[in-house]
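**Q**
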Amino acid sequence: MVENPSTRGFIRLSGQLPSPRARLEKAEWLRDKQLLAYQELISHYAKFTMVISRAHADRQGWDYDWSEWSAALTRASLVAPAAVAAEIDNFGRAVGDFLDQVARDPARDPARNPLSQEEFTQASRAPAQAQVQLVNAIRRSLSKGQKALPFWIGGSLAGSPDDTR
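Sequence positions in the sequence shown follow my numbering and run 938 to 1102.
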C-alpha cells in the first residue's frame, strides 16, 4: 500500500497513485468549493451591513439570522488555505467589533438612538479594510497573477479608503 499525497494521508488499497486527471479533478472540486464559500461569506457581510445600515437610517428594528453568518465563516475557513483562513479570522474579528458598535450595544438601538451616517461610516471602516485584505488573499490563493484590489467592494458602507473618491 502506498500513501497518497493527493488525499492527505488516506491509503489507496490498490497501491496506485491517482492519475494526473484525478488530481486535477480534485483541485477543480476544491477551487469550486472555495469560490462558493467565499462568495457566501462576502454576500452575508453585504446583506447584514445593509440591513443594519437601513435600520439606523430609518430608525427601526431589524433582525438577521446570525447562525448563517457563523456557518459561512466556518465553511469558508474549512476549505481555505492557511493564509486565507487567517484573513477570514481577521475579518470575522473586525466584523465582531463593528457589530459591537452598531448592533449589540443596547444604548445604540436604531429605533431609539440610531447612529448618524457619519458614525455608521466610521464604524464600518475596520471591517471594510479587513474585507479588502481578505479578498486580496483569496485572489492571490486562486491565481498568483491576480493584482491586489486597492478599493473597498460591495458590502462596505465605509466610503473609499482614502476618502478622495
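Virtual Cβ for every residue (Gly too), placed ideally from N, Cα, C.
1) Given a threshold of 16 other Cβ atoms within 10 Å of its Cβ, counted over all protein chains shown, does T1011 qualify as buried or as exposed?
2) By Cβ distance, which residues of its chain are closer than 7 Å to Y975, with the 5 residues on each side in sequence left out?
3) Rounded to whole angstroms, what's the CA-CA distance from V1021 to P1043? Just pull it up for me.
4) Can you tell me the Cβ-Cβ gap for K1084 and V1016, rounded? I've got them flagged as a contact below 8 Å.
5) Nearest to S1061 by CA position, among L1079, E965, L1071 and M987, is which residue?
6) Roughly how many angstroms lie between the CA atoms of L1036 and A1048, to the nearest whole one?
7) Rank V1039, Q1066, Q1070 and D1046 by C-alpha distance to the C-alpha of F1057 and give the top, closest one.
8) How is the alpha helix (DSSP H) around A1023 delimited, first residue to last?
9) Measure the C-alpha to C-alpha separation of E1005 and P1087 and round it to an integer number of angstroms.
10) Give the secondary structure of K984 by DSSP, where H, G and I count as helix, E and B as strand, and everything else as coil.
11) Should A1031 go down as buried or exposed, given a rule of 16 or more other Cβ atoms within 10 Å for buried?
12) Compute the Euclidean distance between the alpha carbons of E1055 and Q1066, then round it to the nearest angstrom.
13) With 16 as the cutoff for other CB atoms within 10 Å, does G1033 come out buried or exposed?
14) Which term fits S1053, buried or exposed, when burial requires 16 or more other beta carbons within 10 angstroms of its beta carbon?
15) Using the C-alpha atoms, what's the distance from H981 back to E1024?
16) Taking the C-alpha atoms as reference points, what is the distance between Q997 and R1041?
17) Alpha carbon to alpha carbon, how far is A1009 from E977?
**A** The short version:
1) exposed
2) A1013 and I1075
3) 33 Å
4) Contact doesn't hold; Cβ gap of about 23 Å is too wide.
5) M987
6) 16 Å
7) V1039
8) A1019 to L1036
9) 29 Å
10) helix
11) buried
12) 17 Å
13) exposed
14) exposed
15) 16 Å
16) 15 Å
17) 6 Å
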